[in-house]
Every structure is written in C-alpha cells, then in structure tokens.
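S.K.: To start, I am sharing the structure in question, which I have written as structure tokens.
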Amino acid sequence: MKYPSMEVVLALYQETMARTGGLSGLRDLALLEAALARPHSTFDGKELYPTLFLKAACLMHSLILNHAFVDGNKRIGVVLAGTMLAMNGYQLEVERR
C-alpha cells in the first residue's frame, strides 16, 4: 500500500491553498506527523485500519481534527484522502452542485 510522504503533503497543501485562498502555514508539525502516522496504527499486533478505505478515512479525519495547519485543514484532509486512494489505483469522483 502506498502512502503520501510529508513532502507530498506539504506540496499539496501549498497547491490547495494557492488555488482556494486562505491563510497558509503549518501550525504544528507534531500534529501533522501524528495524522500521517495514524493509518499505520496497530493494537495487539493487528492493524486498527486494515483496508485502504479505512486508512484514507482515518488520515482525512486526523487532518481535519488535529488542525496541524493554520487554515485549510478540511480541504487538505479531503485532498489527501483522494490522493491516497489515487496512489493505490482508485479515483475519487466528486460532483459539484
């Protein structure tokens, strides 16, 4: 399974903020690292998030709740969940209303 690297995350964040606006910046590196580590979590030798979809969902959830960035946490959460799915052969389709 492929995961977005810190470099990819930061590049996508900058791209997303440039495209959508808002205050850009990393507020807390430790919170970002924690969000990126969560999909790898185990308990008693078993993965807590055993499927790609659960891993992408928990990554998105952690990015949104941890507020590692000054602004755009929900946006980057959605972007990174979609990126992780794409890295592993899935396409996230979003309808505009």
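Residue numbers (this note's numbering): 1138 to 1234. For glycine and all other residues, C-beta sits at the position ideal for the given N, C-alpha and C.
So Tyr1150 packs on Pro1176, CB below 8 Å; how close in whole Å?
M.R.: Tyr1150 to Pro1176, Cβ: 18 Å. No contact.
S.K.: So for Lys1192, helix, strand or coil by DSSP?
M.R.: DSSP places Lys1192 in helix when its eight states are reduced to three.
S.K.: Among residues of its own chain, excluding the 5 on either side of Cys1195, which ones have a beta-carbon nearer than 6 Å to its beta-carbon?
M.R.: The answer, listed in chain order, is Arg1175, Pro1176 and Tyr1186.
S.K.: Verify whether the separation of the beta carbon atoms of Ala1172 and Leu1200 is less than 8 Å.
M.R.: Yes.
S.K.: DSSP on Glu1230, reduced to helix/strand/coil?
M.R.: Glu1230: coil per DSSP, three-state reduction.
S.K.: Which whole-angstrom value describes the C-beta separation of Ala1205 and Leu1163, a residue pair presumed to lie in contact below a C-beta threshold of 8 Å?
M.R.: 7 Å between Cβ atoms; contact.
S.K.: List the whole-angstrom C-beta distance separating Ala1218 from Met1197, where the pair is believed to meet the contact cut-off of C-beta under 8 Å.
M.R.: Sure, about 4 Å apart at Cβ, within 8 Å.
S.K.: With the cut-off set at 8 Å, would you say Arg1212 and Thr1157 are in Cβ contact?
M.R.: Yes, the Cβ-Cβ distance between Arg1212 and Thr1157 is below 8 Å.
S.K.: Could you name the residues that DSSP lists as bridge partners for Lys1183?
M.R.: Paired residue(s): Phe1180.
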